[in-house]
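The next block holds one structure in the form of structure tokens; read it before the comments.
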Amino acid sequence: MPSFSHFFETLVSNKGLFIDAMLLTLKLTAVSILFGIIIGLFFALLKISRSKILSFISDAYVYLVRGTPLIVQIFILYFGISGIFLIPDFWAAALALAFHNGAYIAEIFRGTIQSIDKGQMEAGRSLGMSKGLAMRRIILPQAFRRALPPLGNQFIIGLKDSSLAAFISMNELFNVATTLGSNNFDEMTYLLIVAVYYLVLVALLTIIVRLFENRLAVSDR
Amino acid sequence: MTTREMIKIENLNKSFGDLHVLKNINLEVFESDVVCLIGASGSGKSTLLRCLNFLEKKDNGNIIIEGEEITRSTHDINEIRQKVGMVFQHFNLFPHMTVLENIIEAPVHVKKVSKQEAIEEAKVLLSKVGLGDKADVYPSKLSGGQKQRVAIARALAMKPDIMLFDEPTSALDPELVGEVLATMKELAEDGMTMVVVTHEMGFAREVADWIIYMNDGMIIEKGHPEEFFENPKEERTREFLSTTQLK
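Top to bottom, those sequences are chains A and B. According to this note's numbering, the first sequence is numbered sequentially starting from 1. According to this note's numbering, the second sequence is numbered sequentially starting from 222.
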């Protein structure tokens with residue numbers, strides 16, 4: 001184990017490199033969560049649609065994503081996409097992560113949409129709303145609120161999973177830590193530093209999600 | 222002067238799987254009529270009401286609203302529903318919206334009334350149901366009786382020609398039933414056409430123009446309250462009334 005003073009000195013002296021890496025990690029996470037939410041909502045709506053085919057497509061997507069390791073998906077998308085047309089490495093990694101997160105988010109949304117009392121849809125319809133309008137105005141806002149705690153959890157997983165982008169040479173936190181560690185023959189120090197960075201990021205994410213939850217809980221008060 | 226026929230049902234049938242819940246129902250409701258549907262649980266009265274609002278799909282038979290036979294292929298059901306308001310047993314207020322937002326939601330987003338106009342009308346409706354001071358409160362803060370009165374105001378905001386009530390007081394604490402019934406009575410006095418599924422015999426007797434007793438998916442007896450309660454013709458009606466009078 002490195003001494004505390006050595007750990008601290010290394011932490012401070014490599015601040016710049018780690019902060020750049022952290023920004024990349026944050027960008028990867030933000031993009032993959034944002035697209036993951038869009039993909040997730042889309043497949044959740046497919047799943048609850050009355051069409052058997054659409055519902056099957058959603059099942060198949062979720063099964064494929066949950067049934068294979070994320071690193072395999074990242075490699076397939078990375079080599080697959082860049083073999084067909086050139087996209088920047090960042091987008092290959094971000095889309096792979098979004099595609100992966102999307103499946104779990106789809107399941108979260110499906111569950112919370114179905115947990116809304118069916119009287120809510122009936123009340124909307126009885127007022128003359130179309131199914132789509134009632135979904136948009138009545139069901140989804142309530143489902144989003146219920147989805148926040150499990151979504152927060154998924155965001156944390158997504159943040160940590162972004163470390164796998166290191167394997168397609170993204171200079172995000174984990175990659176920087178292992179590279180610096182092996183260059184300096186001091187792996188442990190750099191791994192502990194990167195662990196601290198992740199802990200801080202997760203703490204911040206937790207706080208942000210909680211703020212959102214409190215804001216949306218206004219109707220309970 | 223002949224009054225307008227608002228609802229006419231001809232030979233309506235509805236089954237849930239093997240369960241035949243509505244058997245050849247025939248019914249007419251004229252303008253400003255208050256019709257109370259009574260009967261034991263499972264007799265089909267709620268299903269009948271829900272068929273009128275197309276929340277349940279009929280198997281066969283005709284539903285004629287204001288002189289037009291309504292089917293899903295000839296009519297936009299969403300437009301018909303704007304003419305037929307519905308109040309539910311469990312209120313079904315939108316919990317993520319304030320009372321005012323609940324009421325203006327459909328006028329603004331379905332009827333495309335301007336928000337300002339909708340708010341003004343909503344405030345009038347709220348004071349009519351005695352909740353003028355609750356506009357900015359969320360439903361979770363209201364008592365059951367208040368929730369149901371908001372639900373009535375919400376349905377009225379679409380200016381329906383007909384109001385359907387599906388056991389509107391069954392989920393309420395006994396001391397809150399009165400305020401909802403009073404609101405409904407006022408509505409009846411204003412001339413609203415109403416079909417009410419209820420277990421409140423006192424209300425039915427006092428407010429209804431017609432009482433319809435249903436049993437086992439069939440209409441057993443229909444009559445004006447006086448003769449219906451004093452002099453029921455059918456044996457099954459008499460049996461049912463004797464059980465309710467024990468309460």
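The beta-carbon is built from N, C-alpha and C at its ideal position, and this holds for glycine as well.
Item, Value
"Any chain B beta carbon closer than 9 Å to Val196(A)", "no"
"Start-end ranges of the alpha helix (DSSP H) lying completely within the region 230 to 296 of chain B, minimum 4 residues", "266 to 273"
"With 16 other Cβ atoms within 10 Å as the buried cut-off, status of Met222(B)", "Because Met222(B) sits at a pLDDT of 48, beneath the cut-off of 50, its placement in the model cannot be relied upon, and the following sentence gives the value as read from the coordinates. Flag for Met222(B) reads exposed."
"Where Lys355(B) falls: helix, strand or coil (DSSP)", "helix"
"Chain-order list of residues whose beta-carbon lies under 7 Å from that of Lys468(B) (same chain, five-residue window excluded)", "Because the pLDDT of Lys468(B) is 47, which lies under 50, any placement of that residue in the model is unreliable, and the number read from its coordinates should be weighed accordingly. The answer is none, since no qualifying residue turns up."
"Buried or exposed by the 16-neighbour rule on C-beta atoms within 10 Å, applied to Asn175(A)", "buried"
"Where Leu363(B) sits in the DSSP three-state scheme", "coil"
"Pick from Gly111(A), Asn171(A), Thr179(A), Met121(A) that is closest to Leu148(A), judged by C-alpha positions", "Gly111(A)"
"One or two residues paired with Glu442(B) in a DSSP bridge", "Tyr434(B)"
"Pairwise C-alpha distance: Gly80(A) and Ala203(A)", "35 Å"
"Proximity below 9 Å, CB of Asp89(A) to CB of Ser169(A)", "yes"
"Coarse secondary structure for Thr414(B), derived from DSSP in three states", "strand"
"Neighbourhood of Leu205(A) by C-beta, 8 Å cutoff - its chain only, sequence neighbours within 5 removed", "Gly152, Phe155, Ile156, Leu159"
"Opposing strand residues paired with Gly306(B) [DSSP bridges]", "Met384(B)"
"Within-9 Å CB hit, Gln369(B) to chain A", "no"
"Listed by chain order, chain E residues near Ala327(B) by CB distance under 7 Å", "Here the protein chains are A and B, and chain E is not one of them."
"Under 7 Å (Cβ pairs) to chain A, residues found in the region 312 to 340 of chain B", "Asn313, Phe315, Pro316, His317, Glu326, Ala327, His330, Val331"
"Contact list for Leu276(B) against chain A, beta-carbon separation under 9 Å", "Glu122, Arg125, Ser126"
"Neighbour-count burial assignment, Pro389(B), 16 or more Cβ in a 10 Å radius", "buried"
"Cβ pair Ile139(A), Leu41(A) closer than 9 Å", "no"
"Beta-carbon proximity list for Glu213(A), same chain, < 6 Å, skipping 5 on both sides", "Leu148"
"Buried versus exposed call for Gly124(A) [16 or more other C-beta atoms within 10 Å across all chains shown]", "buried"
"Selection of the region 136 to 153 of chain A by Cβ proximity to chain B, strictly under 8 Å", "Arg137, Ile138, Pro141, Gln142, Arg145"
"Contacting residues, own chain, Cβ-Cβ under 6 Å from Val320(B) (five flanking each side not counted)", "Lys355, Ala356, Val358, Val371"
"Rounded straight-line distance, which links the Cα of Ser32(A) to that of Leu173(A)", "16 Å"
"Glu326(B): first and last residue of the uninterrupted alpha helix (DSSP H) it sits in", "320 to 330"
"Beta carbon proximity, Glu388(B) to chain A, threshold 9 Å", "no"
"Top-ranked residue by Cα proximity to Phe4(A), from Lys47(A), Thr189(A), Lys131(A), Leu45(A)", "Thr189(A)"
"Closer than 9 Å at the beta carbon, the chain B residues around Gly158(A)", "Under the 9 Å cutoff, chain B gives no residues; its nearest Cβ is about 26 Å from Gly158(A)."
"Contiguous alpha helix (DSSP H) assignments of at least 4 residues, all confined to the region 49 to 104 of chain A", "52 to 67, 70 to 84"
"Closer than 9 Å to chain A by CB, Ala372(B)", "yes"
"Chain-ordered chain B contacts of Gly119(A) [CB-CB under 7 Å]", "Phe309, His311, Asn313"
"Alpha-carbon to alpha-carbon, Ala60(A) and Pro381(B)", "45 Å"
"Host alpha helix (DSSP H) of Gly152(A) (start-end)", "140 to 161"
"Whole-angstrom distance between Leu77(A) and Val86(A), CA atom to CA atom", "Rather than Val, the amino acid found at residue 86(A) in this sequence is Leu. Cα-Cα distance, rounded: 12 Å."
"Neighbourhood of Ala143(A) by C-beta distance below 8 Å, restricted to the same chain and skipping five residues each side", "Phe109, Thr112, Ile113, Ser115, Ile116"
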